[in-house]
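Each remark here refers to the structure printed beneath this line.
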Amino acid sequence: MKDKTFLILLIVSILFSCAPFSKKVVIDNQIVLKKESVSKLNGTYEVGSIKAIRKFENLQPRLIENDSLNSFSLFENLKETNQELREDIKNNIKNYQVKIYIENDNTISFSLLKNDIKIDSIKMNYKIRKDGFIYLKNKNFRTEWVPVLCGNFEVDRTKIGINNDDNLIISNSYFIYGAILVIIGDTRKSNFSSEYKRKI
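So the sequence shown is numbered by my numbering: it starts at 927 and just counts up by one.
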């Protein structure tokens, strides 16, 4: 039993190392958050990003300053939403905001507001790291079938922080691996960082 537990922990550790945060995808002027200052995240932010940096595989990072496709919508990067809500956010983005609140040393809440009325929310556990970001713990690792042998696994990591303008920073690292009978079928890796203007 101990051997199996060790093997599982070893595999998970290896898989998470496949999805590091890229040093080439960084929003400048980040403030280092600590336990005493993490409440600086509390506030209300615009849903649409001011700017974003995205990187696929080994390609050069791409700066996106006009996110006309709403690819980096704040709440949708934290919680999966239905098509109807996604379309409404895209078409009426000025009516939406996201309120962030640090509830305690382990829990953070995100509330989606439309015209100041809460229509959806999510709570996540988090951990503060030495880099000054808080790392969200919300189904970071997913599998289908039997990974490595016949199936796939996904590692989806997200961390958030703030910069000198008191704006929110979200950084994401995503990796997917698929295989059939140990033959690698597909691997994909992407990173993005985006900035969101503080409203309150």
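Using N, Cα and C, we set each Cβ at its ideal position, and we do this for glycine too.
Spanning the alpha carbons of Leu985 and Ile1126 requires a straight line of approximately 37 angstroms. Here the alpha carbons of Asn1090 and Gln956 stand approximately 6 angstroms from one another.
In the structure shown, Gln1009 falls within a helical segment according to DSSP collapsed to helix, strand and coil. Non-local beta-carbon contacts of Lys1044 in its own chain, meaning distances under 6 angstroms to residues more than five positions away in sequence, involve Ser1037 in chain order. DSSP links Phe947 through a beta bridge to no other residue. In the structure shown, the three-state DSSP call for Asp1014 is helix. Put simply, of Ile1048, Val1081, Lys1049 and Ile1086 the residue whose alpha carbon is nearest the alpha carbon of Tyr1061 is Ile1086. Within the same chain, Lys977, Ala978 and Arg980 come within 7 angstroms of Ile990 by CB-CB distance, once the 5 residues on both sides are set aside. Counting of Cβ neighbours within 10 angstroms places Glu1010 among the exposed residues, the total staying below 16. If the five residues before and after Asn1032 are omitted, its C-beta is found closer than 6 angstroms to the C-beta atoms of Asn1051, all from its own chain and listed in chain order.
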